[in-house]
Amino acid sequence: MSELPWMELAGRLELANLVVNSGILQCSWDAIEKLHKTDNLYQEPSLPLSVKSDIDQQSSLTVVSFATSPFCTEEDYLQGKGELVSSEDLRRENFTHFDFLLSKSNPFFSISRHAVELFKAHYDKLCVLKSEIYDSQNARLSRDTPLIIAGHSLGGSVASLFTLWLLDSINQIPKKNVPAPMLPLCITFGSPLLGDKGFQKGILERRKWNACYLHVAGNKDPYPRHFVSIQGHQAGASTSEAVHYKPIGTFFLCSELGCACVEDPEVVSKLLKSTQSQVGNGVSRMDYYKRLVDHLKPGFLIRGNSQLGSSVTTASKALQQPLNMDIDTLINGLGKLEIEQKETLNDRGKAVEQNKKLNEVKVKMAFLEWYKKDCNMRLIGYYDSYKNRFATKDNDVTRYKKFLTNYWKATVENAERLPHNEKARIRFTWLYAGTNYRRMVEPLDIAEFYRDNAQGDYIAEKRSRHYILLEQWQREDSESSTSAGTGNEPNQPKESKKKNVANLLTEDSCFWARVEKARLSCELLRGENTSTIVKESLTEDLNQFEKYVMDQINKYAVNPEIFLTKSSFMDWWRQFQEIMGTSHNSPLVQFMRDGGPDEYKNGTFST
Numbered sequence: 001m002s003e004l005p006w007m008e009l010a011g012r013l014e015l016a017n018l019v020v021n022s023g024i025l026q027c028s029w030d031a032i033e034k035l036h037k038t039d040n041l042y043q044e045p046s047l048p049l050s051v052k053s054d055i056d057q058q059s060s061l062t063v064v065s066f067a068t069s070p071f072c073t074e075e076d077y078l079q080g081k082g083e084l085v086s087s088e089d090l091r092r093e094n095f096t097h098f099d100f101l102l103s104k105s106n107p108f109f110s111i112s113r114h115a116v117e118l119f120k121a122h123y124d125k126l127c128v129l130k131s132e133i134y135d136s137q138n139a140r141l142s143r144d145t146p147l148i149i150a151g152h153s154l155g156g157s158v159a160s161l162f163t164l165w166l167l168d169s170i171n172q173i174p175k176k177n178v179p180a181p182m183l184p185l186c187i188t189f190g191s192p193l194l195g196d197k198g199f200q201k202g203i204l205e206r207r208k209w210n211a212c213y214l215h216v217a218g219n220k221d222p223y224p225r226h227f228v229s230i231q232g233h234q235a236g237a238s239t240s241e242a243v244h245y246k247p248i249g250t251f252f253l254c255s256e257l258g259c260a261c262v263e264d265p266e267v268v269s270k271l272l273k274s275t276q277s278q279v280g281n282g283v284s285r286m287d288y289y290k291r292l293v294d295h296l297k298p299g300f301l302i303r304g305n306s307q308l309g310s311s312v313t314t315a316s317k318a319l320q321q322p323l324n325m326d327i328d329t330l331i332n333g334l335g336k337l338e339i340e341q342k343e344t345l346n347d348r349g350k351a352v353e354q355n356k357k358l359n360e361v362k363v364k365m366a367f368l369e370w371y372k373k374d375c376n377m378r379l380i381g382y383y384d385s386y387k388n389r390f391a392t393k394d395n396d397v398t399r400y401k402k403f404l405t406n407y408w409k410a411t412v413e414n415a416e417r418l419p420h421n422e423k424a425r426i427r428f429t430w431l432y433a434g435t436n437y438r439r440m441v442e443p444l445d446i447a448e449f450y451r452d453n454a455q456g457d458y459i460a461e462k463r464s465r466h467y468i469l470l471e472q473w474q475r476e477d478s479e480s481s482t483s484a485g486t487g488n489e490p491n492q493p494k495e496s497k498k499k500n501v502a503n504l505l506t507e508d509s510c511f512w513a514r515v516e517k518a519r520l521s522c523e524l525l526r527g528e529n530t531s532t533i534v535k536e537s538l539t540e541d542l543n544q545f546e547k548y549v550m551d552q553i554n555k556y557a558v559n560p561e562i563f564l565t566k567s568s569f570m571d572w573w574r575q576f577q578e579i580m581g582t583s584h585n586s587p588l589v590q591f592m593r594d595g596g597p598d599e600y601k602n603g604t605f606s607t
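Numbering-wise, the UniProt record's numbering puts 223 at position 223 of the sequence shown, and it's gapless, one number per residue.
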């Protein structure tokens, strides 16, 4: 399947879950912690910092870990003022080990002086380390198990350069009847950005290399945020101009609330800048990342890019893979979306503008994810918070909602103008993204409607055509997948949903409109002027709504936020119980009475 630029928004949840559920993240951090407790230190008297490294051979993988000793303090790091050293200066110093990044289209690059000086100072020892994991005769890794290269802080910077050096040494030219070579995966924790735009471009030009980097950055850690943009001198430039540190690879932007998985470099830069105010003082960075890694367990991810479009079917299958397959799938998956996006963008004249808009879409969707999580932490769902204007962030939500709605209205309208065959092909490429937008944003439109129209009917009076079409196309695609045997059987809870129930978006984007209609029915039933015939009709409507809710619960199709005490759903439930009385019994009554909501939140409820 050829995936268009919209698919850059897809698949991140799958890949994030692979890292967390497979235990790769925990194994990497455990190796770093173990390293800090050893005396395996490469001493270099001329430098204030020295580098530690170790090889931890486990049954299913090999972890090479890096760290600095003593701990790199923020004061130590800031003394360098984010200085970059150019490829020209490195050549003058007879250090050409990264010249493979140069090309006709990329004649210059710069690397963090902190990182490259540590690499240069310990180069001989790093050569010995490389010989223990690399088969120079066959130009392949010598270990039988997948290789993880992990590092913390500036140790992560050295790990990144070591990985890059190793990637260039591996022969990746395809050969007939020969399996593709195994590539290392570099995972860093709290590491500063490594190089400039030329450095980034040199890596992106090698299609799979960018997929070999995962960076964990905590919201209270200043290091990844330092010098995201600084003033300096660009190598090869005639005048002093702005030099920006540019991210590479995929980032896990983490806090105690969860983790957003983001790959787009411009989005990463913007999010790092926008979260600078959250940075804490006096944080023990080792203890901090240990807590974050412990928090990153199944069901605790915020879906970042992937929230805009991820195939649950693919993700659930991937999570069933053994650990070694997880790493291989992870690297291939990280690279696939980028490769296919580049190939398609080369054929599109409006690629630059398209990417710019996609970046804005991702930033705004990421904000809505954090907003949703924050509302849940305050024990009120984002629907009710936005409806009642409980948070100052609600004003920002209105702006972001407007931008996203305009974007998707235009996208749907453009698809509608295409010939049938082309329309089907184009819309398939962004249907997951559009579906997740609809499930995230339409509840906000419903909240806005009922804020001012308590007696209204959103579905009949206000629902936008682009939501209707997105839902129709998603249903057609689901039916097509099921009939072809590639989808999930209807009404069957997916194990992946149970594991990640806290991150679910309620599948019926009109769920809250149905709740509001049910609340109105309760009010009318209590009305003294309501006729017997109307009351019978309203009672039947409520019984049907009750069955609908239980069906959604059985399918794990609703987010557990509906059970929060202050939610509109729980308000309806209390009214409904009073009206129906204690004699009324139903599957939903039994579910609510017997602790079903708690089981549902924990992913342990089953029919």
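Cβ coordinates follow ideal geometry from the N, Cα and C atoms, glycine included.
Note down the Cα distance separating residue i from residue j, rounded to an integer number of angstroms.
{"i": "residue 323", "j": "residue 463", "result": "Annotation note: pLDDT 42 at residue 323 (below 50); position unreliable, coordinate value reported separately. Each residue's Cα considered, the two are about 45 Å apart."}
{"i": "residue 393", "j": "residue 377", "result": "14 Å"}
{"i": "residue 368", "j": "residue 565", "result": "22 Å"}
{"i": "residue 211", "j": "residue 250", "result": "7 Å"}
{"i": "residue 275", "j": "residue 219", "result": "7 Å"}
{"i": "residue 609", "j": "residue 391", "result": "Absent from the structure is residue 609, since the part of the chain shown begins at 1 and ends at 607."}
{"i": "residue 574", "j": "residue 504", "result": "24 Å"}
{"i": "residue 364", "j": "residue 408", "result": "13 Å"}
{"i": "residue 445", "j": "residue 362", "result": "19 Å"}
{"i": "residue 120", "j": "residue 257", "result": "39 Å"}
{"i": "residue 208", "j": "residue 182", "result": "11 Å"}
{"i": "residue 286", "j": "residue 111", "result": "25 Å"}
{"i": "residue 319", "j": "residue 396", "result": "Reliability fails at residue 319, whose pLDDT of 33 lies under 50, so the model's placement of it is uncertain and no value is given."}
{"i": "residue 379", "j": "residue 144", "result": "49 Å"}
{"i": "residue 196", "j": "residue 607", "result": "54 Å"}
{"i": "residue 512", "j": "residue 605", "result": "22 Å"}
{"i": "residue 388", "j": "residue 577", "result": "24 Å"}
Quick check on the burial criterion: 16 or more other C-beta atoms within 10 angstroms. Buried or exposed for residue i?
{"i": "residue 551", "result": "exposed"}
{"i": "residue 440", "result": "buried"}
{"i": "residue 32", "result": "buried"}
{"i": "residue 198", "result": "buried"}
{"i": "residue 248", "result": "buried"}
{"i": "residue 138", "result": "exposed"}
{"i": "residue 475", "result": "exposed"}
{"i": "residue 127", "result": "exposed"}
{"i": "residue 590", "result": "exposed"}
{"i": "residue 334", "result": "Model confidence at residue 334 stands at a pLDDT of 48, short of 50, so the residue's coordinates are unreliable; what they give is reported in the following sentence. Buried, by the Cβ-count rule."}
Can you tell me which of the three DSSP states residue i falls into?
{"i": "residue 206", "result": "coil"}
{"i": "residue 318", "result": "Bear in mind that a pLDDT of 33 at residue 318, under 50, signals an unreliable position, so the model cannot answer this."}
{"i": "residue 139", "result": "coil"}
{"i": "residue 455", "result": "coil"}
{"i": "residue 405", "result": "helix"}
{"i": "residue 260", "result": "strand"}
{"i": "residue 631", "result": "The structure shown does not extend to residue 631, since the chain spans only 1 to 607, so no value can be given for it."}
{"i": "residue 270", "result": "helix"}
{"i": "residue 604", "result": "coil"}
{"i": "residue 348", "result": "Reliability of the predicted coordinates at residue 348 is poor, the pLDDT of 46 falling under 50, and no value is obtained from them."}
{"i": "residue 566", "result": "coil"}
{"i": "residue 376", "result": "helix"}
{"i": "residue 383", "result": "helix"}
{"i": "residue 20", "result": "helix"}
{"i": "residue 548", "result": "helix"}
{"i": "residue 323", "result": "Below a pLDDT of 50, predicted positions are generally treated as unreliable, and residue 323, at 42, falls in that range; the measurement from the model is reported next regardless. Helix at residue 323."}
{"i": "residue 170", "result": "coil"}
At a cut-off of 7 Å, would you count residue i as near the ligand MG, judging by its Cβ distance to the nearest heavy atom?
{"i": "residue 359", "result": "The model on display carries no ligand, and the ligand MG is accordingly not part of it."}
Going by the CB atoms, is the gap between residue j and residue i shorter than 8 Å?
{"i": "residue 509", "j": "residue 442", "result": "yes"}
{"i": "residue 169", "j": "residue 134", "result": "yes"}
{"i": "residue 228", "j": "residue 269", "result": "yes"}
{"i": "residue 519", "j": "residue 571", "result": "yes"}
{"i": "residue 548", "j": "residue 514", "result": "yes"}
{"i": "residue 200", "j": "residue 246", "result": "yes"}
{"i": "residue 252", "j": "residue 217", "result": "yes"}
{"i": "residue 57", "j": "residue 27", "result": "no"}
Specify, as a first and last residue, the run of the beta strand (DSSP E) that residue i falls within.
{"i": "residue 254", "result": "250-255"}
{"i": "residue 85", "result": "84-86"}
{"i": "residue 54", "result": "50-57"}
{"i": "residue 68", "result": "62-69"}
I need the boundaries of the alpha helix (DSSP H) containing residue i, first residue and last residue.
{"i": "residue 36", "result": "24-36"}
{"i": "residue 217", "result": "Looking at the DSSP string, residue 217 is not in any alpha helix (DSSP H); the run it does join, the beta strand (DSSP E), is 213-218."}
{"i": "residue 290", "result": "285-295"}
{"i": "residue 522", "result": "511-526"}
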